[in-house]
Amino acid sequence: MQWLPAPSSVTNAKTAKDPGLITPFTVSSAGEDSQSGCTAAAGPAQQLRLMFRMFDMEMYAVDSLLAQPSQPMSDCPKSSNPVPAPVTPANPPPMTAPVTPVNPQPVPVPAPVTPANPAPPAFRMPPLPHLPPLPPLPPLPPMPPVPFLEATACPHYNWTMPEYQCYWRAVNPETKVATVFGPLAARRYGTDMTLWQGLQGRGDPYRTLLRESIASFLNSYNSLQFPYHTIGVIERTNWALMGSPWSVLLTALRFMRANSGYGNISCKFTPCKD
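full-length UniProt numbering numbers the first residue of the sequence shown as 1 and each following residue consecutively.
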């Protein structure tokens with residue numbers, strides 16, 4: 001392709017209706033000595049192609065209008081820089097047909113060799129005989145009542161009755177007050193007073209406190225659902241002994257209400273069997 005500044009011969013046609021509409025046109029070139037064979041000769045006519053148009057300017061392009069033989073004639077002058085002739089390969093390698101793979105011959109599998117003396121069959125245990133069904137178990141007897149888990153609260157006078165002596169646990173009526181309640185109780189009530197004697201006290205706030213404290217101590221050992229646990233009874237008794245007479249009386253009244261079951265829990269003592 002070449003740009004065409006001034007073609008040798010241009011045939012152009014425009015329609016009368018629209019001067020701006022360009023129809024296809026052809027370009028040809030006539031060269032001198034075209035018959036001698038030593039110069040470039042005019043090629044066939046080529047179509048112009050509109051490449052650019054702005055305002056009244058137009059630019060066209062056209063393919064090459066010159067033709068030249070691949071080999072000059074013998075009477076043409078030689079060029080100082082001759083173009084080497086294309087090298088043609090001598091003999092291309094022959095085309096070989098694709099080799100079809102040959103299916104390999106199957107390798108014969110040797111037959112298993114049977115030993116002369118076959119091994120004895122594995123020993124199997126004979127089936128076990130069916131055991132007879134077990135007889136049904138007899139129903140379990142009802143569980144005896146557990147007084148320790150029942151909610152019970154007994155006043156001080158129940159603990160002094162001889163028929164309920166079997167409910168004394170961890171201590172006995174002859175246990176010393178000082179052994180159960182500690183040095184503060186020993187200082188107030190002496191070291192020789194027993195729990196049985198303490199349950200008889202009355203007419204004095206300190207003796208009333210000791211009586212209800214001993215009853216609460218025994219109730220806490222007899223039932224898990226008693227409002228005060230054993231250590232709590234001992235601690236509250238000692239705190240009252242270190243306080244004023246009013247605190248002694250208030251603690252005694254609280255223990256008295258707990259020992260009576262707050263009006264909701266009764267004493268579930270039954271006479272002991274000899």
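No residue lacks a Cβ here, since even glycine has one placed at the ideal position from N, Cα and C.
Please read these numbers as outputs of a predicted model, since none were measured by experiment.
In terms of Cα proximity to W246, the closest of F181, L128, T208 and L199 is T208.
Taking 9 Å as the cut-off, the beta carbon of S213 is found closer than this to the beta carbon of A252.
In terms of CA proximity to Q197, V177 leads the group P183, V177 and R188.
Between V248 and A240, the beta carbon gap of about 5 Å places them in contact (Cβ cut-off 8 Å).
Measuring C-alpha to C-alpha distances from L48 to each of S64, D56 and M57 identifies S64 as the nearest.
In the structure shown, the three-state DSSP call for Q197 is helix. Membership of A240 in any beta strand (DSSP E) is not indicated; the residue belongs instead to the alpha helix (DSSP H) covering T230 to M242.
Burial state of Q165 is exposed, judged by a 10 Å Cβ sphere holding fewer than 16 other Cβ atoms. In the three-state scheme derived from DSSP, where H, G and I count as helix and E and B as strand, E150 is classed as coil. Three or more beta-carbon pairs drawn from the stretch 169-176 and the stretch 186-197 are found closer than 8 Å, and the two stretches are therefore classed as touching.
Assignment of beta-bridge partners to Y60 by DSSP yields L50.
Taking 4 residues as the shortest admissible run, the stretch 165-194 contains the following complete alpha helix (DSSP H) segments, listed from N- to C-terminal end: 177-181 and 183-189. Straight-line measurement puts the Cα of R236 at about 10 Å from the Cα of R254. If the five residues before and after E163 are omitted, its C-beta is found closer than 7 Å to the C-beta atoms of P271 and C272, all from its own chain and listed in chain order. Distance from the CA of L134 to the CA of P121, rounded to the nearest whole angstrom, comes to 37 Å. S244 is classed as exposed because its beta carbon has fewer than 16 other beta carbons within 10 Å across all chains shown.
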